[in-house]
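Student: Just so we're aligned: 126 in the numbering used here is position 115 of the sequence shown, and the numbers increase by one with no gaps anywhere. Glycine included, C-beta positions come from ideal geometry on N, C-alpha and C. Remember, it's a predicted structure, so these values are computed and weren't measured experimentally. First the structure, then my questions, so here it is.
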Amino acid sequence: MPDTDTIVALSSGAVPSGVAIIRLSGPAAGMIVAELLGQLPTPRKLTLSDITLDGDRIDRGLVAWMPGPASFTGEDCAELQVHGSPAVVRALLRRLSARPGIRLAEAGEFTRRAFENGKLDLVEAQGLGDLIEAETENQRALAYARLEGGLTRQVEGWRERLLDLRAEIEAQLDFSDEGDVGALPDSFASEVTALGSDIADVLATRGQGRILRSGFRVVLAGPPNAGKSSLLNALSRSEAAIVSDEPGTTRDLKEIPLDVKGQLIILIDSAGLRDTTSKAEAIGVERAREAMLGADHVLWLQAPDVTTAPPPAFPELAAEPWRQPPVAIVGTKSDLGDMPGADLSVSVSTGAGIEALLQRLYEVSGAGTVRASDLLVSHERDRVALQSAVAALAEVTEHLEDPELAAEDLRHASAALERLLGRMDAESVLDRLFSAFCIGK
C-alpha cells in the first residue's frame with residue numbers, strides 16, 4: 012500500500028554551505044508552497060519569497076513547485092532553496108516535520124518513491140546511486156548511461172523478442188486442437204539461440220564494467236624491503252604507508268585509490284612474502300596472498316639490494332588456471348642498478364619510471380580501449396539475472412520436443428529479466444539498495 016505521508020529532507024550537501032535545498036514529496040507539498048506564497052505558483056519556476064512558517068520568518072529564498080506526476084518521484088514535490096545555515100536548515104526541518112502528515116525522509120526514500128511510481132526502474136535507480144557516488148570520469152559515464160536507460164532499453168528489446176517466442180510456443184499449447192495453428196516455424200530454434208547469444212555477448216562485458224565502476228585492483232607484492240610501501244607513496248604522491256628498512260614493517264593491507272585519466276585504480280600495499288616465525292607477520296603474509304588472488308593485476312617487485320624471489324604459485328588454483336592473477340615484474344630502486352628480466356623499472360628516489368608505470372596500469376585496465384557508456388553490465392545483480400536468462404534459453408533448445416517444458420524455460424528467462432528491472436520479486440532487494448542512498452535522495 013503506497014505511503015501517504017509527505018517526506019522532507021535536506022537534499023543538498025552538508026551545511027554550512029552557500030545554499031541549502033529542502034525537498035518535500037507527497038500530498039502536503041502543495042499546501043506548504045501555498046502557505047509560503049499565498050497561492051500555488053507556476054510549476055517548475057523559481058519564486059523568490061520570505062520563508063515564513065507558523066508566523067515566524069525563518070529566511071528568504073527561492074521556492075519551486077513541481078506537481079505530480081511530472082516530478083522526480085511522481086508525486087507533488089516542492090523545493091526550498093535557502094541559505095546554507097545549520098540553524099536555518101534545522102528550523103525548517105523541525106517545523107515542517109512537526110506538521111501532521113509530514114515526516115523526515117529515510118535514506119533513499121525519494122528515489123524509492125520514484126521507483127514505486129514508475130519514474131525509474133531498478134536498473135536506473137542503481138545508476139542514480141552510482142552517479143551520486145562517482146569519483147572518476149569513467150564512473151560518471153558508466154553510471155549516467157545506466158541512469159538514462161542504456162541497459163533498460165537493451166533488456167526491453169530482449170523481453171519483446173521473448174514475448175514473440177512465448178506467443179509462438181504457447182499457441183501450440185493452448186490451441187493445438189485448432190486447424191489454423193501450425194507447427195513451430197523452422198526458425199524458432201535459431202531465434203532462441205540468437206537471443207541467448209546476444210544476451211551472453213552483453214554479459215561478457217561485465218568484467219570490464221565492474222572494473223570501471225568499482226576500480227582496477229592492483230596489488231604491490233614481493234619480498235620484504237623490495238620497495239612496496241615506497242612505491243605506493245610515490246604512485247599516490249602521499250605518505251600513506253610507513254617506510255622502514257626493517258623487514259616485515261607492513262603487516263596489513265592498505266588500499267589507496269588513484270584517478271588515472273578517469274579510471275579508478277586501487278593500489279594495495281601488502282606484506283612482504285617470506286617464511287616467518289612471527290604470528291602477526293604470518294597473518295600479514297597470508298592476507299597478501301589472498302589479496303593477490305583477488306587482484307586484477309599484480310606488480311611483483313624486485314630490488315637489486317634484496318634477494319630476488321619468483322612470484323608465488325597458487326596450487327589451489329590448479330583446476331582453475333584462469334583465476335591466476337596477471338603478474339608484471341617491476342624492478343625497483345633502478346638508481347642502484349637494473350633488474351634482469353623486469354618488465355618495467357622504477358626509482359622512487361629519482362622518479363624514473365613512475366609515470367610509465369601509471370600509464371601501463373591504465374592500459375592493462377582496459378579503460379583506454381572501451382567507452383564507459385557502452386558497458387551496460389556492472390553490478391552483481393546484472394550478472395545473476397542475465398546468466399539465469401542465458402541458462403533458461405539454453406534449456407529451451409533442449410526441450411523443443413516437449414513444448415510444455417520449452418514454454419516454462421521461456422517463462423524463466425522472462426522472469427529473470429523482469430527481476431533485473433524490478434518488476435517482480437523486487438521487495439527482497441529494495442531495502443538494501445535504497446538504504447545505501449544518502450538522506451534526501
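Measuring CB to CB, does D280 end up less than 8 Å from S240?
Tutor: Here residue 280 corresponds to residue number 269 of the sequence shown, with the count starting at 1. Here residue 240 corresponds to residue number 229 of the sequence shown, with the count starting at 1. Cβ distance < 8 Å, so D280 and S240 count as in contact.
Student: Determine the contact status of V93 and L404, defining contact as a CB-CB distance below 8 Å.
Tutor: If you number the sequence shown from 1, residue 93 lands on position 82. If you number the sequence shown from 1, residue 404 lands on position 393. No.
Student: What residues in its chain sit with their C-beta under 7 Å from that of S96, if we drop five residues either side in the sequence?
Tutor: If you number the sequence shown from 1, residue 96 lands on position 85. These residues qualify, in order along the chain: V26 and P27.
Student: Taking the alpha helix (DSSP H) that S28 belongs to, which residues open and close that run?
Tutor: Sequence index remark: in the sequence shown, residue 28 carries index 17 (1-based). Premise fails: S28 lies in the beta strand (DSSP E), S28 to S36, not in any alpha helix (DSSP H).
Student: Name the one or two DSSP bridge partners that W76 has.
Tutor: Along the sequence shown, read from residue 1 onward, the residue named residue 76 stands at position 65. Its beta-bridge partners are A89.
Student: Roughly how many angstroms separate the alpha carbons of A418 and V407, rounded to a whole number?
Tutor: On the sequence shown, position 407 is the one that residue 418 refers to. On the sequence shown, position 396 is the one that residue 407 refers to. Computed Cα separation, rounded: 8 Å.
Student: What residues in its chain sit with their C-beta under 6 Å from that of Q183, if we drop five residues either side in the sequence?
Tutor: Looking up residue 183 in the sequence shown gives position 172. P414, listed in sequence order.
Student: Return the CA-CA distance between P321 and L372, expressed in angstroms with no decimal places.
Tutor: Reading the sequence shown from its first residue, position 310 is the one you call residue 321. Reading the sequence shown from its first residue, position 361 is the one you call residue 372. Those two C-alpha atoms are separated by around 21 Å.
Student: Quick one: Cα of L158 to Cα of G226, how far?
Tutor: Sequence index remark: in the sequence shown, residue 158 carries index 147 (1-based). Sequence index remark: in the sequence shown, residue 226 carries index 215 (1-based). Their backbone Cα atoms lie some 19 Å apart in a straight line.
Student: What does the Cβ neighbour count give for G129, buried or exposed, with the cut at 16 atoms within 10 Å?
Tutor: Residue numbering aside, residue 129 sits at position 118 when the sequence shown is read from its first letter. Flag for G129 reads exposed.
Student: Using 8 Å as the threshold, is the C-beta distance between L275 and I267 below it?
Tutor: Residue numbering aside, residue 275 sits at position 264 when the sequence shown is read from its first letter. Residue numbering aside, residue 267 sits at position 256 when the sequence shown is read from its first letter. No. Outside cutoff.
Student: If contact is defined by three or more beta carbon pairs under 8 Å, each pair taking one atom from either stretch, is the segment 222–237 in contact with the segment 197–211?
Tutor: In short, these stretches do not touch, since the Cβ pair count stays below three.
Student: Taking the alpha carbon of V30 as the point to measure from, which residue in S36, S22 and G37 has its own alpha carbon closest?
Tutor: Counting from 1 along the sequence shown, the entry for residue 30 is found at position 19. It is S22 whose Cα lies nearest to the Cα of V30.
Student: Just reading off the alpha helix (DSSP H) that I365 is part of, what are its end residues?
Tutor: Working through the sequence shown from its first residue, we reach residue 365 at position 354. Its alpha helix (DSSP H) spans residues I365 to V375.
Student: Does DSSP put P332 in a helix, a strand or coil?
Tutor: Residue mapping note: residue 332 aligns to position 321 of the sequence shown, counting from 1. DSSP places P332 in helix when its eight states are reduced to three.
Student: Could you pull out every residue in the same chain whose Cβ sits closer than 8 Å to the Cβ of T319, ignoring the five residues on either side in sequence?
Tutor: As a first step, residue 319 is located in the sequence shown; it is residue number 308 there, counting from the start. Contacts found: P234, Q313 and M350.
Student: Here's the rule I'm using: 16 or more other beta-carbon atoms within 10 Å means buried, otherwise exposed. How should Q453 be labelled?
Tutor: Beyond the ends of the chain as shown, which are 12 and 452, falls residue 453; an answer cannot be given.
Student: Taking the beta carbon of A98 as the centre, do at least 16 other beta carbons fall within 10 Å, making it buried, or is it exposed?
Tutor: For the purposes of this step, residue 98 is taken as the residue at position 87 of the sequence shown. A98 comes out exposed.
Student: For A20, does the count of other Cβ atoms within 10 angstroms reach 16, so buried, or fall short, so exposed?
Tutor: Translated into positions along the sequence shown, residue 20 becomes position 9. With 16 or more other Cβ atoms within 10 Å, it is buried.
Student: Between the beta-carbon of A237 and the beta-carbon of G295, is there less than 8 Å?
Tutor: Residue 237 sits at position 226 when you count from the first residue of the sequence shown. Residue 295 sits at position 284 when you count from the first residue of the sequence shown. No, Cβ-Cβ distance for A237 and G295 is not below 8 Å.
Student: Any contact between the segment 41–54 and the segment 74–85? By contact I mean 3 or more CB pairs, one from each, below 8 Å.
Tutor: With a cut-off of 8 Å, the segment 74–85 and the segment 41–54 count as touching, because enough Cβ pairs lie within range.
Student: Would you tell me roughly how many angstroms separate the C-alpha atoms of L328 and D270, rounded to the nearest one?
Tutor: Within the sequence shown, residue 328 is the residue found at index 317, counting from 1. Within the sequence shown, residue 270 is the residue found at index 259, counting from 1. If I take the Cα positions, the gap works out to 31 Å.
Student: Looking at the structure shown, is Q313 part of a helix, part of a strand, or coil, going by DSSP?
Tutor: Translated into positions along the sequence shown, residue 313 becomes position 302. Strand at Q313.
Student: To the nearest angstrom, how far is it from the Cα of M42 to the Cα of I113?
Tutor: Against the sequence shown, residue 42 aligns to sequence position 31. Against the sequence shown, residue 113 aligns to sequence position 102. Cα to Cα, the separation comes out at about 11 Å.
Student: Output the distance between the C-alpha atoms of G190 and R170, rounded to the nearest integer angstrom.
Tutor: What you label residue 190 is simply residue 179 of the sequence shown in a count that begins at 1. What you label residue 170 is simply residue 159 of the sequence shown in a count that begins at 1. Any reading at G190 must be qualified, since the residue scores a pLDDT of 48, below 50, and its modelled position is unreliable; no value is offered.
Student: Inspect the beta-carbon positions of E120 and I18 and report whether they are closer than 8 Å.
Tutor: Against the sequence shown, residue 120 aligns to sequence position 109. Against the sequence shown, residue 18 aligns to sequence position 7. A contact, by the Cβ cut-off of 8 Å.
Student: Which class does A136 belong to by DSSP, given the choice of helix, strand or coil?
Tutor: Stepping through the sequence shown from its first residue, residue 136 is reached at position 125. Helix at A136.
Student: Quick one: what's got a C-beta closer than 7 Å to S356's C-beta in the same chain, skipping five residues either side?
Tutor: One-based indexing of the sequence shown puts residue 356 at position 345. Excluding sequence neighbours, S356 sits near G342, S345, D349, M350 and G364.
Student: Does the distance from the C-beta atom of V44 to that of A89 stay below 8 Å?
Tutor: Sequence index remark: in the sequence shown, residue 44 carries index 33 (1-based). Sequence index remark: in the sequence shown, residue 89 carries index 78 (1-based). Going by C-beta atoms, V44 is nearer than 8 Å to A89.
Student: Just list the residues that DSSP pairs V357 with in beta bridges.
Tutor: Translated into the one-based positions of the sequence shown, residue 357 becomes position 346. According to DSSP, which records beta bridges pairwise, V357 is partnered with nothing at all.
Student: When you compare the CB positions of A156 and S376, do they come within less than 8 Å of one another, or not?
Tutor: Taking the first residue of the sequence shown as 1, we reach residue 156 at position 145. Taking the first residue of the sequence shown as 1, we reach residue 376 at position 365. Not closer than 8 Å, so no.
Student: Starting from T408, follow the alpha helix (DSSP H) in both directions and report where the run begins and ends.
Tutor: What you label residue 408 is simply residue 397 of the sequence shown in a count that begins at 1. E391 to E409 is the extent of the alpha helix (DSSP H) around T408.
Student: V446: buried (16+ other C-beta within 10 angstroms of its C-beta) or exposed?
Tutor: As a working note, residue 446 is residue 435 in the sequence shown. Note that residue 446 is Ser in the sequence shown here, rather than Val. Exposed is the call here.
Student: Does the distance from the CB of A245 to the CB of V359 come in under 8 Å?
Tutor: Taking the first residue of the sequence shown as position 1, residue 245 is located at position 234. Taking the first residue of the sequence shown as position 1, residue 359 is located at position 348. Against a cut-off of 8 Å, the Cβ pair of V359 and A245 comes out as a contact.
Student: What's the C-alpha gap between S10 and E144?
Tutor: Because the chain spans 12 through 452 in this model, residue 10 falls outside it and cannot be assessed.
Student: For R101, name the three-state secondary structure that DSSP assigns.
Tutor: Your numbering for residue 101 matches position 90 in the sequence shown. Helix, per DSSP.
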